[in-house]
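Protein chains in written order, with this note's numbering: chain A, 1 to 445; chain B, 446 to 890.
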């Protein structure tokens, strides 16, 4: 007998939750397009060498094998673990036919071949925007993608998200000026701040990288810097570190904060503890936290990568992008029952059937209503009206339509109030709020 | 160096083609919902025993392994090869929480682990509708799903599709009455008619199943029956075969044709050669052919299955469903350049930037336009207007907005005609046809 069960890390929604997810994804798409991003999708698989060439998630790849592959046929492909690497590969592959800079959005499932663990997804949806150009990508695009991401998130029925921004050049330049050699290793340890705290990071800097107490203290004092305006960066300038990369990073971050100054309070925060684990970032980096859900870590993230898309070609294809962890956000809000759909079905009207020979008249009503964009189903059998109404009630269908006495009269009943009115199938309109499914965020209980 | 290349069987679209695919899928979703089907998605993976329990595609499964799994860790999961088996599993698993009958649609990628072959997809999108009930599912739902499928397909910018219908009970009852024992084997051979022709099928019936010449001739004469009304079935009745299952099949097919009599000429054709390969069908079966593309075989298919969803439980969960091969349809029409988008970007307006300090004014124009649903991007750098216009032209953006002389005047230029007019950012509307991307089917060249 087949195993009928949930699989840890592979979430599935109820019909109502699926309507919520679709509503959210539609809104994300709509907003991405309003901001001039064009949709793209890439295949779910990449050659293993593409997947393993960059990034630190290489341990977590699912490889694919044909069930009846010959015993030692080596695995060639793996499922993608993010959408940045596949997009970079797509741009490099189709370079000749793509107008650059290319602004694209991509909403797809990604997979991580991790061991099962509570609350860890192995299949989830990401919604990404990226801009990729040839040779040079104006630094203004950093602000552009952050602004777009803010607008998209603010349009969703979720708690507000604060985008915490930093700059890799700033960090790497400062670490270099402080006398560190293994800059990526410092970044890797700073990235642990959230998880293990500053004391432990200081210890690791000393133990693993041979840092002095002074060096470690300086790294941590940079990571403590927060602010919403360029003035926050004075604390770093006051350290008197002389390094061209550091200066460039300070300048970029400063410009970024100025360009985004018109966004609402709390939308963007300069936070110099943000390092990002992936080693392909070269400039702006960002992690977003959902207010009240800081324990989740980041719900969106990204940054600028200047060397990822070239994938071995001579042309540089610098990019900047951000990714929303849609499934992580929804999964958490679903688990707290905070996201509610106005009903659990797209159907607005159930046309009741009173006799087998009334089917064509009932179908004609459905055709008329659908032509006006009103979602309609016809009950399949002439059961008692009570049973047909009970079906509508159970599904959450707000209206039941009673067609066609011998006199051709039509009536529609709002089964929530019991109110029934005579109507013309060629003209009746439901209240605007009953036309489609709406979604709202309710308070925590 | 990473391999930057296409992978046979894993299609990827251009930005323009992606806009077309999105347009088509939006329309499919909209029509499914108008017909009262609710969206669902299932995880991409199923336990191998679920995938291998039914159907004849079991050879073509991709199994998943963690890259760093211990050497002999057995594969547990495979990627789903259709959406019917996962949906049946979902219903069986969530039986207690689902209002039945459940009308659901599901649009997802599926994978077949086949050897690479020209024109054969290993990753593709299917768009399915199914209705599943408890214990009994009214036979009228057969007509309901076919009607929905016809309406959906007729709403798409593709050539018309003829739904060819038959009934498994009719075939199996007739084969039984003709004296066959291995009814599934007869079906399997009849299913080859399209590929190998009637003479070869007759030979195989004799050779593989020990049929007499008479028996083989009778099987083929049933398969020849075509028609659009119940009258077509008289040819079968005239054979004088006595079998209760056959009679039930004739009755069901006859009712189906009557229920769909109002659909346009050519929408539905009774075709008794349709057998369907999968062994889970128990009643109505259907294959759709796109007119002018009969060489492709079926572009949609499905049928009734009375025992699939129970998956080992005692409750029967009969269902009926149909599946559209979206990628197969689009792939073919793309290859012939028959599907054309009105432009290759969602963006309607590019706001030009004439100086760095004009950025906030340019952003304000974008905010105003987006608030009215007009997709807008702001150029990132104050290059010469000629370069900014060239960018819009290359992308297919129809309008360039010139903001803000010192006098605050705004002008918008239709770069297709060169016509430029002074406008108010709070009020300007593009022509309706330029608001979004539209898609049309063009003649074969």
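Where is the CB? At the ideal position from N, CA and C, for every residue including glycine.
Keep in mind that this is a model prediction, so the values were computed, not measured.
Residue-chain proximity (residue i, chain B), Cβ-Cβ < 8 Å
| i | result |
| --- | --- |
| residue 27 of chain A | no |
| residue 307 of chain A | no |
| residue 81 of chain A | no |
| residue 61 of chain A | yes |
| residue 431 of chain A | no |
| residue 283 of chain A | no |
| residue 277 of chain A | no |
| residue 56 of chain A | Model confidence at residue 56 of chain A stands at a pLDDT of 49, short of 50, so the residue's coordinates are unreliable; what they give is reported in the following sentence. It does not; no Cβ of chain B falls within 8 Å. |
| residue 399 of chain A | no |
| residue 72 of chain A | no |
| residue 194 of chain A | no |
| residue 121 of chain A | no |
| residue 417 of chain A | no |
| residue 103 of chain A | yes |
Neighbouring residues, chain B, relative to residue i (Cβ below 7 Å)
| i | result |
| --- | --- |
| residue 39 of chain A | 463, 464 and 467 |
| residue 447 of chain A | This structure gives no information on residue 447 of chain A, because the portion of chain A shown stretches from 1 to 445. |
| residue 90 of chain A | 457 |
DSSP state of residue i mapped onto helix, strand, coil
| i | result |
| --- | --- |
| residue 468 of chain B | helix |
| residue 667 of chain B | helix |
| residue 718 of chain B | coil |
| residue 266 of chain A | coil |
| residue 306 of chain A | coil |
| residue 844 of chain B | strand |
| residue 87 of chain A | helix |
| residue 57 of chain A | In this prediction, residue 57 of chain A scores a pLDDT of 49, lower than 50, which makes its location untrustworthy; the coordinate-derived value is nonetheless stated afterwards. Reduced to three states, the DSSP call for residue 57 of chain A is coil. |
| residue 337 of chain A | coil |
| residue 445 of chain A | coil |
| residue 245 of chain A | helix |
| residue 595 of chain B | helix |
| residue 774 of chain B | helix |
| residue 17 of chain A | helix |
| residue 181 of chain A | coil |
| residue 758 of chain B | coil |
| residue 808 of chain B | helix |
| residue 859 of chain B | strand |
| residue 124 of chain A | strand |
| residue 555 of chain B | strand |
Cross-chain neighbours of residue i in chain A, by beta carbon under 9 Å
| i | result |
| --- | --- |
| residue 558 of chain B | 64, 65, 66, 67, 68 and 69 |
| residue 538 of chain B | 4, 5, 6 and 12 |
For residue j and residue i, believed in contact at Cβ under 8 Å, the rounded distance
| i | j | result |
| --- | --- | --- |
| residue 825 of chain B | residue 141 of chain A | 6 Å |
| residue 112 of chain A | residue 103 of chain A | Not a contact, Cβ separation roughly 27 Å. |
| residue 161 of chain A | residue 290 of chain A | 5 Å |
| residue 589 of chain B | residue 761 of chain B | With a Cβ gap of about 19 Å, residue 589 of chain B and residue 761 of chain B do not count as contacting. |
| residue 814 of chain B | residue 870 of chain B | 7 Å |
Minimum Cβ-Cβ distance from residue i to chain A less than 8 Å
| i | result |
| --- | --- |
| residue 911 of chain B | The requested residue 911 of chain B is not part of the displayed model; chain B covers only 446 to 890. |
| residue 712 of chain B | no |
| residue 887 of chain B | no |
| residue 773 of chain B | no |
| residue 490 of chain B | yes |
| residue 821 of chain B | yes |
Residues that residue i contacts on chain A, provided the C-beta gap is smaller than 7 Å
| i | result |
| --- | --- |
| residue 674 of chain B | None at all; the shortest Cβ gap to chain A is about 16 Å. |
| residue 805 of chain B | 262 |
| residue 487 of chain B | 12 |
| residue 825 of chain B | 138, 140, 141 and 144 |
| residue 839 of chain B | 99 |
Partner residues on chain B for residue i, Cβ-Cβ distance less than 9 Å
| i | result |
| --- | --- |
| residue 388 of chain A | Here the premise fails: no neighbours, minimum Cβ distance about 12 Å. |
| residue 7 of chain A | 488, 490, 491, 492, 521 and 522 |
| residue 370 of chain A | 476, 479, 480 and 596 |
Contact list for residue i against chain A, beta-carbon separation under 8 Å
| i | result |
| --- | --- |
| residue 554 of chain B | 44 |
Taking a Cβ distance cut-off of 7 Å, strictly less, list which residues of the segment 138 to 153 of chain A are near chain B, in chain order. 138, 140, 141 and 144
Please name the residues in the segment 677 to 711 of chain B whose beta-carbon is closer than 8 Å to at least one beta-carbon of chain A, in chain order. Taking a C-beta cut-off of 8 Å against chain A, the contacting residues of the segment 677 to 711 of chain B are 704 and 707, listed in chain order.
Taking beta-carbon pairs under 7 Å, can you tell me which members of the segment 784 to 795 of chain B lie near chain A? 790, 791 and 792
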